[in-house]
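Below is one structure, written out as structure tokens; the observations come after it.
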């Protein structure tokens, strides 16, 4: 059963030779637990520059998966210390990216919780920087 939730999301991107960029967003979404996997889903907005994109986090005991569909398509897999390649398809083309999680912290139950994800990113085999996602999930009143 999908539980309506409020998501507080803080995303920080620190790319090589650039000032870090932080985006904070509060939005509605859903939380679901099925077969040992937590699914967190929400719609992106103008604030993130990804309006028209659905974002889904799937979290289990071994990994976090981030899927985006709509104006762009991507599927990234995060396991601590293990690099994963992904095709990041945008309206104007596609990029091959590699992500490798440095830190994964998950504490979820039916009332909500926290997902912290810090990872390095390479774009077309070139080190690009580090991304830090912090999600706080709480059951909608």
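Residue numbers (the numbering used here): 886 to 1026.
All C-beta atoms in this analysis are idealised placements derived from N, C-alpha and C, irrespective of residue type, glycine included.
Q. Taking the continuous beta strand (DSSP E) assigned at residue 959, which residues delimit it?
A. 959-963
Q | Supposed close pair residue 936, residue 929 - CB separation, criterion 8 Å | A | 6 Å
Q.
How far does the beta strand (DSSP E) with residue 992 in it extend, from its first residue to its last?
A. 978-994
Q: Go to residue 893, then tell me how far its beta strand (DSSP E) extends in each direction, as first and last residue.
A: 888-900
**Q.** For residue 945, three-class secondary structure by DSSP
**A.** coil
Q: Going by CA-CA distance only, name the one from 986, 971, 915, 1017 that's closest to residue 909.
A: 1017
Q) Ends of the beta strand (DSSP E) at residue 972? A) 969-975
Q | Range of the contiguous beta strand (DSSP E) that encloses residue 843 | A | Past the edges of the chain, shown from 886 to 1026, lies residue 843, and the structure says nothing about it.
(Q) Between residue 938 and residue 950, how many whole angstroms is the CB-CB distance? I'm expecting something under 8 Å. (A) Incorrect: roughly 16 Å between the Cβ atoms, too far for contact.
**Q.** Per-residue DSSP class, three states only, for residue 906
**A.** strand
Q) Under the DSSP definition of a beta bridge, which residues are partnered with residue 1002? A) 989, 1018
**Q.** Between the CA atoms of residue 922 and residue 897 - distance to the nearest angstrom
**A.** 25 Å
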